[in-house]
Amino acid sequence: MEEPSLAVGSTEEVPIIVHAFSCVLAFALFLPGGAILARYMRTFRPWWYTGHWVAQFAFAGPLIVIGVSMGFLADHQLGKTPMDNHKARLALIIVLYVLQCLIGAVTHFLKPTDGKRRPIQNYIHGILGVLLLVLGMYQIHTGYDQEWPMYMGYGRLPNYVNILWIIWCIVVIVTYGAGMWLLRKQFRQEAARNLPATHIVLGALEAQPQPDANSITNSTNTNTTIAKR
């Protein structure tokens with residue numbers, strides 16, 4: 001059965017075009033950009049979290065909502081196209097994105113008090129973030145490679161689109177991967193912040209110079225002489 005497609009130049013193309021551009025901006029720019037900013041800046045600048053959530057929540061969030069809404073509208077205009085991997089994957093991405101935002105908020109605002117170990121949600125947040133980046137970039141690929149020629153009347157996009165996608169994937173992977181060398185410094189900073197206050201006080205006391213035995217003896221003799229007087 002032939003899939004329904006839109007007539008070239010029709011106004012019904014607008015939702016698909018908006019869907020494509022919104023999702024590309026969210027999945028290829030703001031989600032990777034927010035992750036890369038956090039990977040590099042969290043060990044050097046205290047404002048890293050502001051840039052991280054602005055990119056991934058304030059910017060990417062509305063774009064994802066717009067993209068999904070336009071996708072549903074386009075699907076309605078085409079007459080309820082059948083569920084395929086592209087649509088199912090988008091639903092999975094939305095669920096993971098909401099979960100990732102919640103875990104990120106919990107990780108940032110609910111700090112551990114014992115300082116003994118790094119909370120498990122920190123690792124979940126990092127792994128889930130990388131998974132979202134991979135799914136988002138692959139979603140873009142299936143969108144322009146499969147969905148666009150299937151439902152639009154323009155045929156397949158030029159090959160340079162695929163080349164640009166490959167180059168951008170390499171740029172994101174290399175840039176994020178290079179920032180992993182900062183993990184050791186990040187863990188040291190987190191351990192120092194989580195160090196209990198009693199350990200800090202004891203360390204300061206141990207660092208103070210201690211009186212030697214002669215000073216203690218002389219002080220004792222002086223006090224004894226004064227007492228006899």
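The letter at position 101 of the sequence shown is residue 101 when you use full-length UniProt numbering, and the numbering goes up by one with no holes. Even glycine gets a Cβ: it sits at the ideal position worked out from N, Cα and C.
Exposed or buried, what is residue i when buried is set at 16 or more other beta-carbons lying within 10 Å of its beta-carbon?
i       : result
Tyr-97  : buried
Gly-177 : exposed
Ile-166 : exposed
His-108 : exposed
Leu-110 : exposed
His-199 : Any reading at His-199 must be qualified, since the residue scores a pLDDT of 45, below 50, and its modelled position is unreliable; the value itself is stated next. The residue is exposed, with fewer than 16 neighbouring Cβ atoms inside 10 Å.
His-76  : exposed
Gly-153 : exposed
Ala-105 : exposed
Ala-88  : exposed
Leu-157 : exposed
Gly-67  : buried
Ile-36  : buried
Leu-31  : buried
Leu-63  : buried
Assuming residue i contacts residue j under a Cβ cut-off of 8 Å, what Cβ separation, rounded to an integer in Å, is found between them?
i      : j       : result
Gly-61 : Ile-93  : Gly-61 to Ile-93, Cβ: 12 Å. No contact.
Phe-27 : Gln-100 : The Cβ separation is near 13 Å, so there is no contact.
Going by C-alpha distance, which of the options is nearest residue i?
i           : options                               : result
residue 231 : His-76, Leu-25 and Met-83             : The structure shown does not extend to residue 231, since the chain spans only 1 to 229, so no value can be given for it.
Leu-182     : Gln-121, Thr-43 and His-19            : Thr-43
Asn-85      : Pro-46, Gln-121 and His-141           : His-141
Cys-23      : Val-14, Val-65 and Pro-158            : Val-65
Ile-173     : Ser-69, Pro-82, Leu-29 and Pro-15     : Leu-29
Leu-90      : Gln-100, Gly-71 and Pro-149           : Gly-71
Thr-175     : Leu-99, Val-18, Glu-13 and Arg-39     : Arg-39
Thr-81      : Ile-170, Tyr-151 and Arg-156          : Tyr-151
residue 230 : Ile-17, Gly-34, Leu-133 and Glu-13    : Because the chain is modelled from 1 through 229, residue 230 falls outside the range shown and cannot be assessed.
Gly-155     : Ile-163, Tyr-144, Leu-164 and Asn-162 : Tyr-144
Val-54      : Leu-73, Lys-185, Gly-33 and Val-68    : Gly-33
Pro-15      : Val-130, Ala-35, Leu-73 and Val-161   : Leu-73
Ile-17      : Arg-184, Glu-147 and Ile-127          : Glu-147
His-52      : Gly-79, Arg-188 and Gly-129           : Gly-129
Leu-102     : Met-83, His-19 and Gly-126            : Gly-126
Met-180     : Asn-162, Glu-13, Leu-78 and Met-41    : Met-41
Thr-11      : Val-95, Leu-78 and Arg-188            : Leu-78
Val-95      : Thr-50, Asn-122, Leu-131 and Glu-13   : Leu-131
Gln-186     : Glu-13, His-19 and Asn-122            : Asn-122
Ser-69      : Ile-120, Val-161, His-19 and Tyr-49   : His-19
Glu-13      : Pro-149, Ile-120 and Asn-162          : Pro-149
What ranges does the beta strand (DSSP E) occupy inside the stretch 31 to 80, keeping only unbroken runs of at least 3 residues that lie completely in it? Annotation: the stretch 31 to 80 contains no complete segment of the beta strand (DSSP E) (minimum length 3 residues).
Whole alpha helix (DSSP H) runs in the stretch 82 to 167 with 4 or more residues, listed along the chain? As far as the stretch 82 to 167 is concerned, its whole alpha helix (DSSP H) runs of at least 4 residues are 85 to 109, 120 to 142 and 148 to 151.
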